[in-house]
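Trainee: Residue numbers (the working numbering): 850 to 1034.
If you scroll down you'll find the structure; I have some questions about it.
Spelled out as structure tokens, the structure:
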């Protein structure tokens, strides 16, 4: 049986660091409101560049079929998402007179995957989907706000724009991590 719906593409997962503690320490209605606002801002900043496969708790599974992804374009989008997320946290903290202890991490992966429908839901299927989720639970990140670019993404992207610097760390097992703490807005 051959699947004609298999394509190469980017998997992007923005995920909140500190979410479990946040849920346990925030009133239900307030927490729901904050999470909805933060997820919405990430979707808005995406500007329909990526499609949404799923939203689960504090993470969005974005995807885009793309045979030649651009590191420069994706890293710029992640910076914009992070800046909008941080601005929204400041705004909500002031408005609700509370401290919101959440930060943002991204997983960027690349590979071949397919898509199927169940009722009105579109589901992604393939090894890169599982791998991207596994990368969320990495033990490599030393700071809570970062982007982890897989070897597969870096190899397949037009990554002549990719340069190692003090805020990027190469990890032979996975790819590279770029920390946001040192990036100027």
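Glycine is no exception: its CB is placed at the ideal position from the N, C-alpha and C atoms.
Can you round the beta-carbon distance between residue 909 and residue 888 to whole angstroms, since I take them to be within the 8 Å contact cut?
Mentor: The residue you call residue 909 lines up with position 60 of the chain shown. The residue you call residue 888 lines up with position 39 of the chain shown. Confirmed, about 6 Å.
Trainee: Compare the Cα-Cα distances from residue 942 to each of 890, 879, 861 and report the closest residue.
Mentor: Position 93 of the chain shown, counted from the first residue, corresponds to residue 942. With distances taken between Cα atoms, residue 942 lies closest to 879.
Trainee: Do the stretch 897–905 and the stretch 934–949 meet, that is, are 3 or more Cβ pairs less than 8 Å apart?
Mentor: Verdict: no, contact absent.
Trainee: Classify residue 964 as helix, strand or coil using the three-state DSSP reduction.
Mentor: To locate residue 964, count along the chain shown from 1; it is residue 115. Strand.
Trainee: Determine the direct distance from the alpha carbon of residue 995 to that of residue 1005, and round the result to whole angstroms.
Mentor: As a working mapping, residue 1005 is identified with position 156 in the chain shown. As a working mapping, residue 995 is identified with position 146 in the chain shown. Rounded to whole angstroms, residue 1005 to residue 995 spans 21 Å at the Cα level.
Trainee: Per DSSP, what kind of secondary structure is residue 1031 in: helix, strand or coil?
Mentor: On the chain shown, residue 1031 is found 182 positions in, with the first residue counted as 1. Only weak support is given to the placement of residue 1031: the predicted model assigns it a pLDDT of 42, under 50, and the value that follows is read from those uncertain coordinates. In this structure, residue 1031 counts as coil in the three-state DSSP scheme.
Trainee: Can you tell me whether residue 979 is buried or exposed, with buried defined as 16 or more other CB within 10 angstroms of its CB?
Mentor: Locating residue 979 in the chain shown gives position 130, where the first residue counts as 1. So residue 979 counts as exposed.
Trainee: According to DSSP, what are the bridge partners of residue 865?
Mentor: Translated into positions along the chain shown, residue 865 becomes position 16. For residue 865, which the question treats as bridged, DSSP gives the partners 953.
Trainee: Residues in the same chain with beta-carbon distance under 6 Å from residue 960, minus the five sequence neighbours each way, listed in chain order, please.
Mentor: The residue labelled residue 960 in the question sits at position 111 within the chain shown. Result list for residue 960: 977, 1001, in chain order.
Trainee: Using a 10 Å radius around the Cβ and a threshold of 16 neighbouring Cβ atoms, would you call residue 877 buried or exposed?
Mentor: Reading the chain shown from its first residue, position 28 is the one you call residue 877. Residue 877 comes out exposed.
Trainee: Reducing DSSP to helix, strand and coil, say where residue 900 ends up.
Mentor: The residue you call residue 900 lines up with position 51 of the chain shown. The answer is strand: DSSP assigns residue 900 an E or B state.
Trainee: Since I believe residue 997 is in contact with residue 955 (beta carbons under 8 Å), could you give me their beta-carbon distance rounded to a whole number of angstroms?
Mentor: Within the chain shown, numbered from 1, the residue matching residue 955 stands at position 106. Within the chain shown, numbered from 1, the residue matching residue 997 stands at position 148. With a Cβ gap of about 7 Å, residue 955 and residue 997 count as contacting.
Trainee: State yes or no: is the C-beta of residue 860 within less than 8 Å of the C-beta of residue 912?
Mentor: In the chain shown, residue 860 corresponds to position 11, counting from 1. In the chain shown, residue 912 corresponds to position 63, counting from 1. The answer is yes: Cβ separation under 8 Å.
Trainee: Going by the DSSP bridge assignment, what does residue 996 pair with across the sheet?
Mentor: Residue mapping note: residue 996 aligns to position 147 of the chain shown, counting from 1. In the DSSP output, where bridge partners are listed per residue, residue 996 has 955, 1027.
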